[in-house]
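Residue numbers (the UniProt record's numbering): 1 to 314.
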């Protein structure tokens, strides 16, 4: 039965080769020297803008925090998803429990490549798939601002994930499919600078697509349905369509900008749900930034709703 031994041997060799290839392809990849050279000296004033555009407080402040307590970035919010429960960590300046010992290069690798200082993959519940579109110089500015915030002791609880999602190495293969620095919406030459600026804020630091776009079975964003709305990652609700094919169809750019500033819709309804905290962050931006976001949202190709129709009430 020499042929059986030959087949078994060949299968073992192929299996070993496949495992080795998977190991290599899933390896964490950090920024190269050219990208790191773009970091430059950060400016805390500019970094404050990036901090609020990126919504850092929404996930990393203690749930329910108000006022200055929102700047105590101790983590602890539980994000319950089909893949398990993710808990945003302490990103305060505490050197032991937070990121106070991180270098600017560490922060850049975390946000642009999803790689920790120790060389492990971060889970994409941390929206680095959007942050990857950010300029390294903005990361340096954010780093400078974070250095002005308080150190808060206390580690956030660990994630609670089952097999196979608890194997971080597999995220490397996910990144090869979904991580890139190219814009989602292609803009033609001559597009208003305001729209281009809005695209950067929405697609990059604002990471709006992370909630407002449907995802495939592996948790990757369906870019052909960009901002079309989605079933909420948590619970049974929906995140609305924010293209002109959905709820924003009758809103003007001024309506959108005013909503981001005040929390009131054109019909004088008020912001609700998870958007409350997002709007609070948007209110910290400049009028020009909010106008740019509005201009971009009106320029995004319209899509029908990316979630199932609601069942009529019985």
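Even for Gly, the Cβ is constructed at its ideal location relative to N, Cα and C.
Straight-line Cα distance separating residue j from residue i
i, j, result
"residue 277", "residue 251", "21 Å"
"residue 267", "residue 78", "33 Å"
"residue 132", "residue 56", "15 Å"
"residue 295", "residue 233", "27 Å"
"residue 263", "residue 25", "45 Å"
"residue 137", "residue 38", "6 Å"
"residue 185", "residue 54", "19 Å"
"residue 109", "residue 285", "25 Å"
"residue 298", "residue 105", "35 Å"
"residue 98", "residue 89", "8 Å"
"residue 208", "residue 194", "17 Å"
"residue 166", "residue 269", "42 Å"
"residue 30", "residue 41", "20 Å"
"residue 96", "residue 192", "46 Å"
"residue 271", "residue 261", "11 Å"
"residue 206", "residue 282", "9 Å"
"residue 117", "residue 102", "8 Å"
"residue 265", "residue 255", "7 Å"
Where residue i sits in the DSSP three-state scheme
i, result
"residue 81", "strand"
"residue 60", "helix"
"residue 121", "strand"
"residue 230", "strand"
"residue 26", "coil"
"residue 290", "helix"
"residue 271", "coil"
"residue 51", "helix"
"residue 256", "helix"
"residue 215", "strand"
"residue 74", "coil"
"residue 276", "helix"
"residue 314", "Because the pLDDT at residue 314 is just 46, under 50, the model does not fix this residue reliably, and the value given afterwards should be weighed accordingly. The answer is coil: DSSP assigns residue 314 none of H, G, I, E or B."
"residue 301", "coil"
Exposure label - residue i; buried when at least 16 CB within 10 Å
i, result
"residue 243", "buried"
"residue 146", "buried"
"residue 213", "buried"
"residue 83", "buried"
"residue 51", "buried"
"residue 91", "buried"
"residue 227", "buried"
"residue 300", "buried"
"residue 307", "buried"
"residue 187", "exposed"
"residue 94", "buried"
"residue 156", "buried"
"residue 199", "buried"
Nearest residue (CA-CA) to residue i, options the options
i, options, result
"residue 196", "248, 54, 151, 292", "292"
"residue 305", "271, 260, 246", "246"
"residue 149", "72, 63, 263", "72"
"residue 303", "248, 280, 281, 256", "248"
"residue 225", "241, 58, 166", "241"
"residue 151", "74, 111, 127, 169", "74"
"residue 204", "126, 144, 239", "126"
"residue 257", "239, 273, 279, 237", "279"
"residue 36", "154, 59, 68, 113", "113"
"residue 201", "117, 41, 134", "134"
"residue 174", "190, 219, 60", "219"
"residue 80", "33, 67, 159, 281", "159"
"residue 139", "157, 107, 164", "107"
"residue 124", "153, 86, 93", "86"
"residue 238", "265, 176, 275, 282", "275"
"residue 100", "190, 273, 288, 144", "144"
"residue 288", "49, 34, 33", "49"
"residue 129", "231, 63, 45, 115", "115"
Closer than 7 Å to chain C by CB, residue i
i, result
"residue 58", "The displayed structure is made up of one protein chain only, and chain C is not part of it."
*asked:* For a minimum of 4 consecutive residues, which ranges assigned as the alpha helix (DSSP H) are wholly contained in the stretch 102 to 170?
replied: If one requires a minimum length of 4 residues, the alpha helix (DSSP H) runs lying completely within the stretch 102 to 170 are 104 to 113, 128 to 131, 136 to 146, in chain order.
_Complete alpha helix (DSSP H) runs within the stretch 184 to 213 (minimum length 4 residues, chain order)_ = Segments of the alpha helix (DSSP H) lying fully in the stretch 184 to 213: 193 to 203, 209 to 212.
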